[in-house]
Amino acid sequence: MTEKFDYRELGLKVGLEIHRQLDTKKLFSPVPSELTEEVDFTFERRLRPTMSELGEIDPAALEEFKKGRKYIYEGSYELSDLVYMDEEPPRGPDREALEVTLQIAYLLNAKPVDEVHFMRKIVIDGSNVSGFQRTAVIALDGRVDTPWGSVGIPTICLEEDACRIVERKEKEVIYRLDRLGIPLVEISTTPDIHHPEQAKVVAKYIGDALRATRKVKRGLGTIRQDLNVSIKGGARVEIKGVQELDMIPLIIEREVERQLNLLKIRDELRERGVKPEDIKEEFYDVTDVFENTESKIIARTIKRGGKVLAVKLPKFRGLIGREIQPGRRLGTEMADRAKKYVKGIFHVDELPNYGIREKEVNGVIEKLGLGELDAFVLVAANEETAKKALAEVVKRAREAIEGVPEETRRALPDGNTQYMRPLPGKARMYPETDIPSIFIPPEEKERIKANLPELPQERVERYVKEYKIDKSLAETLVNDERDELFEELVKKGVKPSLAASILVVVLKGLKKEVPIENITDQHIREAFQLYTEGKIAKEAFEEIFKELALHPEKSAAQVAEEKGLTLLSEEEVERIIDEVIQANIEVIKAKGMGAMGMVMGRAMAKLRGRADGKLVSTLVRKKIQELSGS
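Mapping of the sequence shown onto our numbering: residues 35 to 664, in sequence order.
What follows is the structure, given as structure tokens:
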């Protein structure tokens, strides 16, 4: 397959940051690390940036502060305490979380530190009640070997996860406290990844090491992968929130495409002789041009007493509408910056459109005195808000003349990315004064190192050898993180082949029909218990899981009873088979054992899920043989 880009020639550099929640108690409090929809209390806060130990203010924190938001926190008495309301000093840290992180460090060939020192990282987007996140370096200098070469892991950190967002409004964000404080392992690589597929390989290896501990949480939101991407002549861009492993190569490819197109726009602007100082923060009131506009957005704004303001972008004509990623343009990037103040912008390259007529476009051009290559951007809002939004457009236009801005971006489901905030600087860390340093004795390190868990690939090989199951089944069990449940079921007497088949084949087969993510491990345990107690047949699993996926509040026993899936006695099974035999007696007499398939099919149509298929087959065969004399 021909690659879209020569990544080595482009000087592609990628670094990964992988965050995974640990399945232990919270990091600085003995509270269970679970999520809940119960709310017993709320309180609110406003946060502001503080100086780091270097005496500087982080630009990302400053931008969040400028939004002027109020933060409301919801909590439950069971899963929240004073530590995570920032009303009591932290306890801990949790020793199990620390030990699991040390296991991960050794699995990634890293060297644990002798003393753990927690730091505070300034975070004022409201996701931490205190305005900072506690984090500590646990190990250094790890590595992952790939076919493209070795990739370094300079740091492995243990930190506390943030609150989860319930609702985001223009000037207010509602957070839930339940996620705050769940231990989070952060693993960072060096920018030694030079190919999109290599990034995927590294992420998978790190994910395997995390899963090997069997102490990481599963499910949506428990793992977050961030990418740092740059090319020669471009800039380092942090891409946050990459959920799926398979999306990593596409997201990197799209970022390379974006940076290349931004560099082309930069070169064209320079050829046109534009300089950053040519872009002025001069905003023109063009409300009168739109006095009788057909644009509903603009008409509504003017009716409410708002204005239409315009800014002149010299020599930008034709470049604001230039595509830089599929479906995204330089104008989209400008709009992303302005969205902290307004819902959107209008620019000359996309007009006339959206109810704005050509005569109105010409009216703005005339009022601003634009030349052939000059562009304009419009914003409709109250005057103060419109000026703030256009100031962001001016800033992004100046950056376009320089090339690719350093920034933090959000991964989108289609592989594109969207602006979030400026790239955080180093001015966001300062010492944690409430937690003393933690010495890790050499004998503790040796104990952990001598008892490391097996990696997923080693587990796959063991399953094939020990349980005699197909390798593809074993791989799917491990990759889908059903392996621990599989071993639990086998220890309870379930045949390995049956446990693997139900956990992989049956569940995956239902994926397109029902939301199988609603089926919990406890549901599965209950269903297998019914089977081992002889209350259901293996054919009943599919129907039970299908109903549980749609109604997870039910139990497996309840579903089996409601659906009539509990096993019949052998006498009842024989009676139903006799009915089928009598209904097809003439065919059986004529064909003998040749009627076996037909009779079996009709019997199973009545007995599926209520009788063991093997028993039905044995009884049908016996009765046909008796009738046909064979």
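Glycine is no exception: its CB is placed at the ideal position from the N, C-alpha and C atoms.
Within the same chain, P283, I286, E287 come within 6 Å of P230 by CB-CB distance, once the 5 residues on both sides are set aside. Pairing G647 with E596 gives a Cβ-Cβ distance that is not under 8 Å. Of all C-beta pairs linking the stretch 60 to 76 to the stretch 106 to 124, three or more are shorter than 8 Å, placing the two stretches in contact. Following the DSSP letters along the chain, one finds R270 in no beta strand (DSSP E), marked with neither H nor E.
At a cut-off of 3 residues, the continuous stretches assigned as beta strand (DSSP E) that sit fully inside the stretch 360 to 424 are 409 to 415. Taking 4 residues as the minimum length, the alpha helix (DSSP H) runs contained wholly in the stretch 476 to 505 are 476 to 484, 490 to 501, in order along the chain. Ranked by how close their Cα comes to the Cα of E204, the residues R103, A420, K588, T247 have R103 in first place. Listed in chain order, the non-local C-beta contacts of L507 below 6 Å within the same chain comprise A534, V538, local neighbours out to five positions each way being set aside.
Taking every protein chain shown into account, the CB of R363 has 16 or more other CB atoms within 10 angstroms, so this residue is buried.
Residue environment: P181 is assigned as exposed (fewer than 16 neighbouring CB atoms within 10 Å of its CB, all protein chains considered). Annotated three-state conformation of T335 is helix, per DSSP. Take the alpha-carbon of L489 and the one of L142: they are about 11 Å apart.
A Cβ-Cβ distance of about 5 Å is found for the pair R270 and S264, placing them in contact under the 8 Å criterion.
According to the DSSP assignment, F39 belongs to no alpha helix (DSSP H), since it is labelled neither H nor E. Every unbroken stretch of the alpha helix (DSSP H) spanning 4 or more residues and falling wholly within the stretch 520 to 592 is given here in chain order: 530 to 535, 541 to 544, 555 to 566, 575 to 584.
Non-local C-beta neighbours of V376 in its own chain, meaning closer than 6 Å and more than five positions away in sequence, comprise V413, A415, A423, ordered along the chain. CA-to-CA, the gap between Q293 and K274 works out to about 17 Å.
In the DSSP assignment, S222 forms a beta bridge with E51, T189.
M368 and Q55 have their alpha carbons spaced roughly 35 Å apart. Annotated as proximal: E193 and T169, with beta-carbon spacing under 8 Å. Take the alpha-carbon of A594 and the one of T600: they are about 6 Å apart.
When C-beta atoms of the stretch 330 to 350 are compared with those of the stretch 310 to 317, three or more pairs fall below 8 Å, so the two segments count as touching. Within its own chain, the residues whose Cβ lies closer than 8 Å to the Cβ of D148, once the five positions on either side in sequence are excluded, are F473, I474, listed in chain order. Counting every other CB atom within 10 Å of its CB across the protein chains shown gives T467 a total below 16, marking it as exposed. V308 and E551 have their C-alpha atoms roughly 54 Å apart. With a contact defined as Cβ atoms closer than 8 Å, L174 and K155 miss out at about 18 Å.
Annotation for R609: the continuous alpha helix (DSSP H) segment containing it runs 604 to 617. Annotation for P456: the continuous beta strand (DSSP E) segment containing it runs 451 to 456. Following the DSSP letters along the chain, one finds V73 in no alpha helix (DSSP H), marked with neither H nor E. In the structure shown, A144 adopts coil according to DSSP, grouped into three states.
Rounded to whole angstroms, the separation of the alpha carbons of R306 and S161 is 44 Å.
With the rule of 3 Cβ pairs closer than 8 Å, the stretch 128 to 138 does not count as touching the stretch 74 to 83. Judged by DSSP in its simplified three-state form, N295 adopts helix. Positions of the alpha helix (DSSP H) runs, each at least 4 residues long and wholly inside the stretch 198 to 247, are given as 230 to 246 in order along the chain. Taking 8 Å as the cut-off, the beta carbon of K580 is found closer than this to the beta carbon of E547. Of the candidates Q359, K373, E608, H381, H381 places its Cα closest to the Cα of G365.
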